[in-house]
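Chemist:
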Amino acid sequence: MSNKNNIHPIFERLLQKEDREKRLGQKSKVLWLTGLSGSGKSTIAQELERKLYNEGFFPQVLDGDNIRIGINNNLGFSIEDRKENIRRISEVAKLYLNSGIITINSFISPTIEIRNFAKEVIGEENFIEVFINTPLEICEQRDVKGLYKKARAGEIKGFTGIDSPYEAPESPDLEVKTAELSIEESAQKIYDYILPFINL
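Numbering (the numbering used here), first residue to last: 926 to 1125.
1. Would the region 954 to 963 count as touching the region 1023 to 1035 if we require 3 or more Cβ pairs under 8 Å?
2. Give a yes or no on whether the C-beta atoms belonging to residue 1059 and residue 964 are separated by under 8 Å.
3. Could you name the residues that DSSP lists as bridge partners for residue 985?
4. Buried or exposed: which applies to residue 1052, given that a residue is buried once 16 or more other Cβ atoms fall within 10 Å of its Cβ?
5. Go ahead and pull the three-state DSSP assignment for residue 998.
6. Please work out which residues of its chain come closer than 7 Å, Cβ to Cβ, to residue 982, disregarding the five sequence neighbours upstream and downstream, and give them in chain order.
7. Taking residue 1087 as the reference, which of 985, 1076, 1096 and 1080 has the closest Cα?
8. First and last residue of the alpha helix (DSSP H) that includes residue 1004?
9. In whole angstroms, what is the alpha-carbon distance linking residue 1066 and residue 1112?
10. Quick one: give me the first and last residue of the alpha helix (DSSP H) that residue 949 is part of.
11. Beta-carbon within less than 7 Å of residue 1013's beta-carbon, same chain only, minus the 5 sequence neighbours each way: which residues are those?
12. Go ahead and label residue 1010 buried or exposed: buried means 16 or more other beta carbons lie within 10 angstroms of its beta carbon, across all protein chains shown.
13. Which one of 1108, 1093, 991 and 977 has the shortest CA to CA distance from residue 1036?
14. Quick check on the DSSP output: what are the complete beta strand (DSSP E) runs of length 3 or more inside the region 1041 to 1065, in order along the chain?
15. Just verifying my parser: in three-state terms, what is the DSSP assignment at residue 1115?
16. Taking the C-alpha atoms as reference points, what is the distance between residue 935 and residue 1061?
17. Hey, residue 1015 and residue 1046 are a contact pair by Cβ (cut 8 Å); roughly how many whole angstroms apart?
18. Using DSSP with H/G/I as helix, E/B as strand and the rest coil, what is residue 927?
19. Tell me the DSSP bridge mates of residue 1120?
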């Protein structure tokens, strides 16, 4: 950046979140997309990430694919491991938040307790809970990874929605019913909702 008007020198103090937000031209928030496997969370998160980026924002998606194979590859799917999974994700999201980045988290996070725990780590004022509300039967029909079939056959134990509970949010910040909306419409609905929170 050669234009000196774009540079705000900072002396004798640590960089703050507000400094990074100013540089990126946005307010950082953590969006927490929760819903059953197959509800469309990850696809909507990716569509939303593209939309935000194309509109000049700086977003980052965190989901099972980029977290489970890396930072959390030593965890299973017991309730204890799921809680540790969410704890680590929340701490990573908090680092992104403090870097001025809009983080889109896409995780089943099956219980109210687990999601409240995430909210506590990240900070309620920066946490936007989005319920990707898709009926179980539609998730099973989609079954893009064949996981429901395996769970019904007893090949996967502790699968959310089959033999492990999913507790829907009681009062999410936003509810997206994917049975009624396309991926693009779902992402647009979230975008329209969060815009006032992320605009500087």
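Beta carbons: idealized from backbone N, C-alpha and C, even for Gly.
These numbers come from a predicted model, not from an experiment.
Modeler: In terms of the structure at hand:
1. Between the region 954 to 963 and the region 1023 to 1035 there are three or more C-beta pairs closer than 8 Å, enough to call the two in contact.
2. For residue 1059 and residue 964, yes; Cβs fall inside 8 Å.
3. Residue pairing by DSSP places residue 985 opposite 1028 in a beta bridge.
4. Around the beta-carbon of residue 1052, 16 or more other beta-carbon atoms lie within 10 Å, marking it buried.
5. Coil at residue 998, not helix or strand.
6. Excluding residues up to 5 positions away in sequence, 951, 1027 and 1123 lie with their Cβ nearer than 7 Å to the Cβ of residue 982 in the same chain.
7. Of the listed residues, the one whose Cα sits closest to residue 1087 is 1076.
8. Residues 1004 to 1023.
9. In a straight line, the C-alpha of residue 1066 is about 22 Å away from that of residue 1112.
10. That run of the alpha helix (DSSP H) goes 942 to 949.
11. When the five nearest sequence neighbours on each side are left out, the beta carbons in the same chain lying within less than 7 Å of the beta carbon of residue 1013 are those of 996 and 997, in order along the chain.
12. By the 10 Å Cβ count, residue 1010 comes out buried.
13. For residue 1036, the nearest C-alpha among the options comes from 1093.
14. List check, beta strand (DSSP E) in window: 1052 to 1058.
15. For residue 1115, the three-state secondary structure derived from DSSP is helix.
16. For residue 935 and residue 1061, the gap between their C-alpha atoms comes out near 52 Å.
17. Beta-carbon to beta-carbon, residue 1015 and residue 1046 are separated by about 4 Å, close enough to satisfy the 8 Å threshold.
18. Caution is warranted here: a pLDDT of 46 is assigned to residue 927, below 50, making its placement in the model unreliable, and the coordinate value is therefore given only provisionally. Correct three-state label for residue 927: coil.
19. The beta-bridge partner set that DSSP reports for residue 1120 is empty.
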